[in-house]
Structures are given as C-alpha cells and as structure tokens.
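Each remark here refers to the structure printed beneath this line.
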Amino acid sequence: MIYRSVSEAINDSDKVKKLALSGDSLNKFSQQILKLRNLEEIDLESSDNFDVSYAISILAKLKNLKKLWISDIKISGFNRIADLKNLEELDLDNVGITALPVEISNLKRLREVNLEDNPQLNMIQVCDVLSKLETLKALWLGKNKLSTLPEEILELKTLEDLWLDGNEFSEIPAPIKRLKIKYVSFFDNKLTKLDLKTGDFGSLNNINLCYNHFKVFPAVELSLLPNLDTITMWYADVEYIPKQIAKIKKLKCLNLENNSISKLPAEMSKLKHLSVLELSENKLTTDGVKCVYKLRNLTKLDISKNKIIKISPEIGKLRVLRELDICENPIVEIPQSCSNLQKLTTVQLGYYKQFNWAAAISVLGKLPNLNHVGLFKMNLAKMPDGFEKLRSVKEFWMNWNIFDAQEKEHLKKMLPTAKFKFD
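When we follow my numbering, the leftmost residue of the sequence shown carries the number 111, and every step to the right adds one.
If you want it as structure tokens, here you go:
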C-alpha cells in the first residue's frame, strides 16, 4: 500500500513502507515522518519551493530508507545526501540540476539512478561521479535531449541496464557499444540504422528500439550481437524482415507490434529458441505467417489485428503454446487442431464479421488448462452450446458483446466460480 500523507501514514506507522507526497501533503513535510521507522520508499513530487536539503537531513535518520524519488521539484542543493547510507535507488526526475553532487559517490549501496528530464546535465561530470559507485547497475538518462555520450561513460564498469528513451540519437553512440551492459533502450529516438560490428555490445541480451524509423528490420546488425535474446520494436516503421533474422540464434522474445509487415521470411522457422512472438497490428496475410507454425517452442503468439483469412491447421503442432491472441482478423473459424494445444492457458478471440462461434466454443471446451478467455464482440444474443464445459476458466473477458442482463446471469450460473468482465 502507498500512503499519500504523513498524517495518514502515522496511523499505521509500523506497517508503512511506501509514502508518496505531493502538493499540500509535501508542504506539510516535518520530523513527524520519523515515526515511520520501517519506511523504505518515499516519493517527493511537484512543488515550487520545497527544501530538499531540509528533507534529506530528516530522511537520513530513517535507517530502512532504500528508495528516494524526487520529481518536478527544482533542487538548489543536496546537503547531507551522503547520509542516506542505505539508499539503493535514487530518482531525480525533472529537478533542474546541471551536475550531480559528488557526495553521491559515497552511497555504497546505490544500484539504480534516474536522471531523466534534466537536459542541462553535464554528462562528463555525471559519469565521473557515478564511476565511483561500485554497485551501480541501472541508469536512466531519458528526455535529456542527448544526441551523443562522452567516452567517460565507459568508466561505468558495473552498469548493466541503460535507458536512453526520448532523446535525439540518430546513431548509437560509439562508447556505449563497448560497455558490458545487458539491456539498452533507445525508445523514441531518431535511429534509422544501427551501424554495429562484430565485438559491439558483447554482453547485450535485450534491446528496445520502439518509436524509431527502420523500414527494414536490422537483422544483419542485430545478428552480430552474440547474446541477444530479446528485441522490442513496436511503432518502428518496419515493412520488411530480411532472412538474416535466422542468424540471431539465441532469440527468445520478438515484439514487432504496430508496424507494416506483410510477410515473415521462411527462414524465421530456424529460430529454435523463439518462445514469445508478438506481431499485433501489422499487415500480415495468411501466407505471410506460414513459418510461424514451425516455431515449435512458442509459448506466446499474438497475431491479432492483421489480414489473416485462415489459421492453418498446422497451429495444432505448437504443443507448448500457452497464450494465443488471434482477434481482429478476417477469419471465419479456428481449426479443430487447436484442440491439440493442451497447454494453452490464455486465448483471445473476437471482433470478427462472420465466425463459427459454436465450433470455436466446442474446441475451447477440449482445452483442460484454460484459465483466461477473451470472447470479444461476438455479435450473438445467446452463447452457443458447450460453454458450460469451460470449467477450468477463472476469468472471462467479454467486452463489446450484446448479451442482455438475463443472458449474462445465465452465463454466470453455468460457471459460478469464474469471473466475468462484460464492460
């Protein structure tokens, strides 16, 4: 539970671990907070004249405090921040600073630092201060109008995760290619190519390239990253995937939602480790997804909101599939072979103009491990026979249907242990 004022929190003083203060509640900040002996996280947000140094001098007395989040407060000083000896996470989001206090380097347990939305920061000085932290694992530098990074970032030798969202990078800064980071995010930048070579990002296993501008999926460049297993690229203007995607041999999770892809290369079927494939809101056709049915290690498949006319019976060979979403395609039925998907736990169907719902319900009734089922916009006044066989389902999502109150109650009575969401 997150408490929103000190007075409210004091009533449960020994239980309080999270406190968020903003506006009036922040202006009432006082030594009363010391009664919250077990406080671990505090957020200080949105104030024009809040004295951060005074707050830190008090917070330093809370020995269990691990996370300090300061946002939308213009900071004039950081006196005594080194006294927050047990701090593990420090968030300074839109606080108007141009440099980090050198005392931060004395926080020996600090693992995560967020410096988003401070565009006047001296990045060389920031890197110098943070380089003295032997425990630093994660760094957020989003929304800082960055287009380059200094060589000094190479001194962050323990860094594992780097967020560079919402900046102005048109190319990947050369220094970070040599970091031993495991995750990097370029969400919402200006990248059109990657310019990677063998030896770059040797430890990287996860990259986020959403909201950039790639007409062609950068398969050749990404295949040079030996440990890459997760790629996220929604809204990246991708129209075409080269066959070289098969060379990203360790790929496990691929999210290419909200692009303009009409066909997947046959070579994708060679991605033997691929377990999560998310392709919603593209232009994929029936022929364009043929290779998907050969990805026998898929556990999650989302091909909703495409132009697929027919789901191949080959889908029944995806024996370890657990989650399936095929909503909003111009299909008229699901193949009977879907009853072979015995490990399926979540399925989402709906938004079809014409569809054989009776046959679909019959298939779902043969799946013993279903626990979440979406049946959207069925355009039926009555549920087809066989619905009562979906006894394993814990929750039904039935938004945008036209069932009247009587039919809704009838459905609930058929499966009284399940939860139903109609709106």
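Ideal Cβ placement from N, Cα and C applies to all residues, glycine included.
- DSSP, read as helix, strand or coil, puts Cys437 in coil.
- Under the three-state reduction of DSSP, His482 is assigned to strand.
- According to DSSP, Val294 shares a beta bridge with Leu272 and Ile317.
- Nearest in C-alpha terms to Glu433, of all of Glu443, Glu391 and Ser385, is Ser385.
- DSSP, reduced to helix, strand and coil, places Glu222 within a strand of the structure shown.
- Closest in alpha carbon position to Ser167, among Phe139, Ile234 and Asp533, is Phe139.
- The distance from the Cβ of Met343 to that of Cys320 is about 6 Å, consistent with a contact at the 8 Å cut-off.
- In terms of Cα proximity to Lys400, the closest of Lys267, Asn392, Glu424 and Lys127 is Glu424.
- DSSP, reduced to helix, strand and coil, places Val236 within a helical segment of the structure shown.
- At the C-beta level, Lys176 and Glu155 stay beyond 8 Å of one another.
- The C-alpha of Lys523 is placed about 15 Å away from the C-alpha of Asp514.
- Setting aside the 5 residues that flank it on each side, Met508 is surrounded in the same chain by Leu485 and Phe532, each with a C-beta closer than 6 Å to its C-beta; the list follows chain order.
- Straight-line spacing of the CA atoms in Val483 and Arg501 works out to 11 Å.
- Between the alpha carbons of Lys300 and Glu278 lies a distance of about 6 Å.
- Taking C-alpha positions only, Cys237 is separated from Phe297 by approximately 22 Å.
- Contact annotation: Glu349 and Ser333 have beta-carbon atoms that are not nearer than 8 Å.
- Residue range Lys177 to Ile183 is occupied by the beta strand (DSSP E) that includes Leu178.
- Annotation: Gly252 to Ile180 spans about 15 Å, alpha carbon to alpha carbon.
- C-alpha of Lys171 to C-alpha of Val126: approximately 16 Å in a straight line.
- Here Thr268 is exposed: its Cβ has fewer than 16 other Cβ atoms, across all protein chains shown, within 10 Å.
- Between the C-alpha atoms of Glu265 and Lys380 there is a straight-line separation of about 39 Å.
- For Trp510, the closest of Leu459, Asn481 and Gly475 by C-alpha to C-alpha distance is Leu459.
- When only Cα atoms are considered, Arg114 and Lys382 end up about 49 Å apart.
- Separation of Ala468 and Gly496 (C-alpha to C-alpha, rounded to the nearest whole angstrom) is 8 Å.
- A Cβ-Cβ distance of about 12 Å is found for the pair Thr455 and Leu474, leaving them out of contact under the 8 Å criterion.
- Secondary structure at Phe327: coil, using DSSP grouped into helix, strand and coil.
- Taking each of Ser280, Gly276, Glu199 and Pro229 in turn and checking the Cα distance to Thr245, the smallest one comes out for Glu199.
- Leaving aside the five residues that flank Ser132 on each side, the residues in its chain whose CB is nearer than 6 Å to its CB run, in chain order, Glu155 and Ser156.
- Residue burial is scored here from C-beta neighbours: Ser163 has fewer than 16 other C-beta atoms within 10 angstroms and is therefore classed as exposed.
- Apart from sequence neighbours up to five positions away, the residues of its chain that approach Lys292 with a beta-carbon distance below 7 Å are Glu270, Asp271, Ser313, Leu314, Asn315 and Asn316, ordered along the chain.
- When beta bridges are read from the DSSP output, Asn368 appears opposite no residue.
- Here the C-alpha atom of Asn254 lies approximately 28 Å from the C-alpha atom of Lys128.
- Cβ contact annotation for Ser472 (same chain, cutoff 6 Å, sequence separation greater than five): Gly496, in chain order.
- Beyond the five residues adjoining it in sequence on each side, Arg221 comes within less than 7 Å, by CB distance, of Glu198, Glu199, Thr245, Leu246, Lys247 and Ala248 in the same chain, given in chain order.
- Here Ile512 is exposed, its C-beta having fewer than 16 other C-beta atoms within 10 Å.
- Rounded to whole angstroms, the separation of the alpha carbons of Ala165 and Pro260 is 33 Å.
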